[in-house]
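K.L.:
Below is the structure I would like to discuss, written out as C-alpha cells.
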Amino acid sequence: MNTYIDIILRSISVYFFMIIALRIFGKKELSQLNTADVILILLISNSVQNAMVGKDTTLWGGLAAATVLFFINFVLKKLMYKYKGFSDFMQEKPEILIHDGNLDFKSLSRLNITADELKEAMREHGLEYFKDVKLAMLEIDGNISIISGNQDLRQTQYKRKIRRKKILV
298 MNTYIDIILR
308 SISVYFFMII
318 ALRIFGKKEL
328 SQLNTADVIL
338 ILLISNSVQN
348 AMVGKDTTLW
358 GGLAAATVLF
368 FINFVLKKLM
378 YKYKGFSDFM
388 QEKPEILIHD
398 GNLDFKSLSR
408 LNITADELKE
418 AMREHGLEYF
428 KDVKLAMLEI
438 DGNISIISGN
448 QDLRQTQYKR
458 KIRRKKILV
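Sequential numbering of the sequence shown, starting at 298, is according to our numbering.
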C-alpha cells in the first residue's frame, strides 16, 4: 500500500509542476501547436512517467497515477468554477493585441506573438489589414479572437442546446 501512496504523491507533484510550467511558458503555447510542440508534449509525458510511478511499472501503478491525475484535474476545475479568485490565479487574463487598428506592441512582444501569427489569425477572419481590426484578443485558451471594424457589435446570449439523437424507425 505504501507504493500507491508514493505514486499518489509523485503524481500530484508532477501535475502541479506541469501547471506551473505551462503558466510560466504562456497560454499561446496551448492552442497553437506545431510539430516541435507536439514532440515536446510527447517527450514530457514520457519523461514524467517514471517520476510519477517510480519503480512500479505495473498496470495498477499506471492506473493509480492516471486516476490521481483525473481526480486532481476534476477538483481544480470545480474550484475554478466556484471561486473566481482561484480561477484568476490559475488562468491568465485575455490580452488586447489590436484596438481600433492600433497594435499593442508591448503585449505582442511580451506574449511573443509575431506579426505573421497575427496576420494568420486576421486572414482566418477574412481581414487583410490591421486598420480593419476593431479588436483582437489573445483569449485564455490561447486562441486569437478578432472583431472587424465593419461588424455591428451587439450583445448576444449563448444558450446551451441539448442534442438528442433521432431514432429512425
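Where is the CB? At the ideal position from N, CA and C, for every residue including glycine.
On a predicted model such as this, the values are computed, not experimentally measured, just so you know.
#1: Could you check which residue in K431, G398, K403 and I443 has the C-alpha nearest to that of E417?
#2: Return yes when the Cβ of S308 is within less than 9 Å of the Cβ of V365, no when it is not.
#3: Can you grab the Cα-Cα spacing for the pair S310 / D397, in whole Å?
#4: When you compare only the Cα positions, how much space is there between M419 and L435?
#5: Can the beta-carbon of A433 be found less than 9 Å from the beta-carbon of I395?
#6: Let me know the secondary structure DSSP gives L435 once reduced to three states.
#7: Checking 9 Å against the spacing of the C-beta atoms, do E421 and L408 come in under that value?
#8: Quick check on I317: buried or exposed, where buried means 16 or more other Cβ atoms within 10 Å of its Cβ?
P.N.:
Looking at the atomic coordinates:
#1: Indexing the sequence shown from 1 puts residue 417 at position 120. Of the listed residues, the one whose Cα sits closest to E417 is I443.
#2: Translated into the one-based positions of the sequence shown, residue 365 becomes position 68. Translated into the one-based positions of the sequence shown, residue 308 becomes position 11. The answer is yes: Cβ separation under 9 Å.
#3: Indexing the sequence shown from 1 puts residue 310 at position 13. Indexing the sequence shown from 1 puts residue 397 at position 100. When rounded, the distance between both Cα atoms is 44 Å.
#4: Stepping through the sequence shown from its first residue, residue 419 is reached at position 122. Stepping through the sequence shown from its first residue, residue 435 is reached at position 138. Answer to the nearest angstrom: the Cα atoms are 12 Å apart.
#5: Taking the sequence shown and counting its residues from 1, one reaches residue 433 at position 136. Taking the sequence shown and counting its residues from 1, one reaches residue 395 at position 98. Yes, the Cβ-Cβ distance between A433 and I395 is below 9 Å.
#6: As a first step, residue 435 must be located in the sequence shown, where it is residue number 138. DSSP places L435 in strand when its eight states are reduced to three.
#7: Numbered from 1 along the sequence shown, position 124 holds the residue referred to as residue 421. Numbered from 1 along the sequence shown, position 111 holds the residue referred to as residue 408. No, the Cβ-Cβ distance between E421 and L408 is not below 9 Å.
#8: Numbered from 1 along the sequence shown, position 20 holds the residue referred to as residue 317. By the neighbour-count rule (16 or more Cβ atoms within 10 Å), I317 is not buried but exposed.
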